[in-house]
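In order, the protein sequences belong to chains A and B.
Adding 6 to a residue's 1-based position in the first sequence gives its number in this note's numbering.
Adding 8 to a residue's 1-based position in the second sequence gives its number in this note's numbering.
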Amino acid sequence: MNPIARNGKDFWAGIIYIVAGSGAWIISRDYGMGSAGKMGPAYFPTILGALLTVIGIISILRSFLKSGSPIGVVAWKGLALIVVSTLLFGMIVRGAGLIIALPLLVIVSAFASSRFSWKYSLAEAAVITVFCIVVFLKGLGVPLPILGSWFGY
Amino acid sequence: MELLANLGLGLSTSLTPLNLLYCLAGVFLGTLIGVLPGLGPTATIAMLLPVTFTLPPVSALIMLAGIYYGSQYGGSTTSILVNVPGEAASVVTALDGYQMARQGRAGAALTTAAVGSFFAGTVATIILALFAPPLAAVALKFGPAEFFSLMVLGLLASIVLARGSLLHAMGMVILGLLLGLVGTDVNSGTQRFTFGILRLADGIGFVVVAMGMFGLAEITRNLENEGDRSTVVNKVTNLLPTREDWKRMIGPILRGTGIGSALGILPGSGSILGSFAAYAIEKKVSKNSKEFGKGAIEGVAAPESANNAGAQTSFIPMLTLGIPSNPVMALMIGAMIIQGIQPGPSVITEQPALFWGIIVSMWFGNLFLVILNLPMIGMWVRLVSVPYQMLFPAILVFCSIGVFSLNNTEFDVYVMAFFGVLGYIFVKLDCEPAPMLLAFILGPMMEEYMRRALLLSRGDPTVFFTRPISAALLALGALAIIAGSIPAMHKKREAAFRE
């Protein structure tokens, strides 16, 4: 249960709205407001930011008044592994090349499943790597190296 | 007859071997992802957008369209055979379809779904051909004020139709509008919300956001409970429904087609709402309402007709007004822009071959789908047993390479990961990502129309209320919001989604 509010979902969503909304109009102050007839770059975001902040405040107020369903299970491990494997792919794809980046992406992300098995994941990694090299590199001409710059290519 | 001439043009465009091939490829892929649970049309089309750069515009759009309505077909197969809806729009089909399969009538259920879908697809194609041109003609007279109000109406409708609370849908819409503004302001050249990151000067790519929020976030959500997925696949024996079945499915198919076509046009819904509404209404009006949930053929015919009809009529606002009614349509608009076509009411007059080609291709696509789905059902059934732990790393790979190849930069891959996290947070907080994505693509357009409208009126904001069409559109939007926030309506809305 959320110790702060009766409805954790409303509370946290409200926080996000307030941060994004107030952030938008605070940052927009640097941009030049213009006038209604000649809208400057800050005009539209300032209106939206203010609206979003109000919605955030309402959402937080509501979270104290009305109780809602709990947030429930969060797949922390799944989320972390999906994000880490994706970022890792982005970081090494040019340097190491697809032949290393793709199997890593497949295997690291596969750890997110409770039914992970080395045997299947290795096989899958091999199939996907070959498939992607044939389809994306040879077929569609995506400019990605098979072996990257770290290996002197 | 102008219509006949136009359809002739559509026929000659869509009947070229190349376009037929892409239509077939589209519906094949659509069926495939429809059958595979956990991979929806939004993520698939987002993944394939980079590939379509290399195709001619007509072929690209024909294929992408095929994926969308094809996925509605495929989704029903898994609903019926294994009680796992491949698509959100097929959730209700599982209620009665799976029961029919357990009674050994899987074949009849599949045929019913296919016949209903085919009929609905044909009718929706005709509706598109009849109603799109006049609508576009009206829209051609629209000034900036009308377009602004139209977008407001679209967003308000998507708020009302979103699942969960109105407040959060509103918050998500405004958040989406703000995110859409990231990048260089076209009028002043000011870089907004880029935090000094050069890569953000062109804004955040729509496809990147869509893949993060619908691809990555969806995978993470599915990983929450990998629970036991029933792998007992019911055998398909006799595909032919009995004479009694045929009689019973006519009414539901007609009603489902009507409901689905009407609701498909509404922003924010597409095919999902139609299938839910059609099932609920059929349950009320049917003579056999007691059988619902126990294998009533009406419970398969109505929602399956509705979701297919809705998938197709949701092209109307996209093709005639340039305004997307759901995230898939927003991606289609993205595909048009990539191809150098400015979406809007002028598409019909400036690109008649494209417009009519897409419409006519839908009918052929539906024909392909019947052929693909009925005789080849065995192949699709086998696909259902692909375990998710094998599927999601592959989805992740396609998302990553696809996003990378958009601009050949790893930066987009990082942004996708960011939106994956954000999308998952929103899922956990019951905030629907679909309205946000719509607002994201409408954001820059809305600002531009608002700017132009106010420039013409010399800063007088009443222009939105004094021009009759604009005022009417805003009034409609206000009405929708009021209707959606009345407590009684609100309960009904929740019930409709829960069913």
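From the three backbone atoms N, C-alpha and C, an ideal C-beta is built for every residue, glycine too.
This structure is a prediction, so every number in the text was calculated from the model and none was measured.
request  = To the nearest angstrom, report how far apart I349(B) and N381(B) are at their CA atoms.
outcome  = 33 Å
ask   = Would you call the segment 92-109 of chain B and the segment 291-308 of chain B touching, i.e. three or more CB-CB distances under 8 Å?
value = Contact holds: three or more Cβ-Cβ distances are below 8 Å.
key: For R68(A), the three-state DSSP class (helix, strand or coil)   = In the three-state reduction of the DSSP assignment, R68(A) falls in the helix class.
query = If you measure from the beta carbon of G145(A) to each beta carbon in chain B, is any gap under 7 Å?
reply = no
query = Apart from the five residues on each side of it in sequence, which residues of its chain come closer than 7 Å, Cβ to Cβ, to E440(B)?
reply = A170, R171, G172, A177 and M180
task = Please work out which residues of its chain come closer than 6 Å, Cβ to Cβ, to V368(B), disregarding the five sequence neighbours upstream and downstream, and give them in chain order.
result = These residues qualify, in order along the chain: G18, L19 and S22.
key: Three or more C-beta pairs below 8 Å linking the segment 27-38 of chain B and the segment 358-375 of chain B   = Result yes; three or more Cβ-Cβ pairs closer than 8 Å.
message = Does the CB of E154(B) have a neighbour CB from chain A at under 7 Å?
response = no
ask   = How would you list, in chain order, the residues of chain B whose beta-carbon sits under 8 Å from the beta-carbon of R100(A)?
value = E418
message = Strictly by DSSP, which residues pair up with T192(B)?
response = Paired residue(s): Q199(B).
query = Can P47(A) and S465(B) be called in contact, C-beta distance under 7 Å?
reply = In this structure, P47(A) keeps its C-beta atom at 7 Å or more from the C-beta atom of S465(B).
ask   = Between which two residues does the alpha helix (DSSP H) containing T321(B) stretch?
value = For T321(B), the enclosing alpha helix (DSSP H) has its first and last residue at E306 to T321.
query = Can you name the start and end residues of the alpha helix (DSSP H) that R229(B) belongs to?
reply = A225 to E232
message = Taking CB distances under 7 Å as the criterion, tell me whether T202(B) reaches chain A.
response = no
request  = On a CA-only basis, which of I346(B), A285(B), L148(B) and A114(B) is nearest L329(B)? Give me that one, please.
outcome  = L148(B)
inquiry  = Using the three-state DSSP reduction, which class does K44(A) fall into: helix, strand or coil?
reply    = K44(A) carries a strand assignment under DSSP once its states are collapsed to helix, strand and coil.
key: Proximal residues to E290(B) (C-beta, below 6 Å), its chain only, five neighbours per side dropped   = P260, E306 and A310
query = Going along the chain, which residues of the segment 394-409 of chain B sit with their C-beta nearer than 9 Å to a C-beta in chain A?
reply = P395, Y396, Q397, M398, F400, P401, A402, L404, V405, F406, C407, S408 and I409
Chain A residues whose Cβ lies nearer than 7 Å to that of Y422(B) = L93 and G96
inquiry  = Runs of 3 residues minimum, wholly inside the segment 314-376 of chain B: which ones carry the beta strand (DSSP E) assignment?
reply    = Entirely contained in the segment 314-376 of chain B, not one beta strand (DSSP E) run reaches 3 residues.
query = Going along chain B, which residues have a C-beta under 8 Å from S65(A)?
reply = L175, H176 and G179
inquiry  = My output table needs one value for T265(B): the three-state DSSP class, helix, strand or coil.
reply    = helix
query = Whose C-alpha, out of T39(B), V90(B), T133(B) and G151(B), is nearest the C-alpha of P476(B)?
reply = G151(B)
ask   = Does DSSP classify G124(B) as helix, strand or coil?
value = It is helical.
message = Give me the subset of the segment 84-103 of chain B whose CB atoms are less than 8 Å from a CB atom of chain A, sorted by chain position.
response = none
query = Since C31(B) meets chain A, which of its residues come closer than 7 Å, beta carbon to beta carbon?
reply = Chain order gives no chain A residues near C31(B), where near means a beta carbon separation below 7 Å; the closest approach is about 20 Å.
request  = Mind listing the chain B neighbours of P151(A)? Cutoff is C-beta to C-beta under 7 Å, in chain order.
outcome  = Ordered by position in chain B, no residue passes the 7 Å Cβ test against P151(A), which lies about 12 Å from the chain.
task = Check each candidate in E226(B), T265(B), G204(B) and A288(B) and name the one with the smallest Cα separation from D104(B).
result = A288(B)
ask   = Should the segment 218-229 of chain B be regarded as contacting the segment 354-364 of chain B, the criterion being three or more beta carbon pairs within less than 8 Å?
value = no
message = Would G101(A) and G154(A) be called neighbours here (beta carbons separated by less than 7 Å)?
response = yes
key: Interface flag, S115(A) vs chain B, CB-CB below 7 Å   = yes
ask   = How do the segment 311-328 of chain B and the segment 262-282 of chain B stand: do at least 3 beta-carbon pairs fall below 8 Å, yes or no?
value = In short, these stretches touch, since the Cβ pair count reaches three.
key: First and last residue of the uninterrupted alpha helix (DSSP H) at L414(B)   = Y396 to N415
request  = Compute the Euclidean distance between the alpha carbons of I63(A) and E358(B), then round it to the nearest angstrom.
outcome  = 47 Å
query = Along chain A, which residues have their Cβ under 7 Å away from the Cβ of E455(B)?
reply = F50
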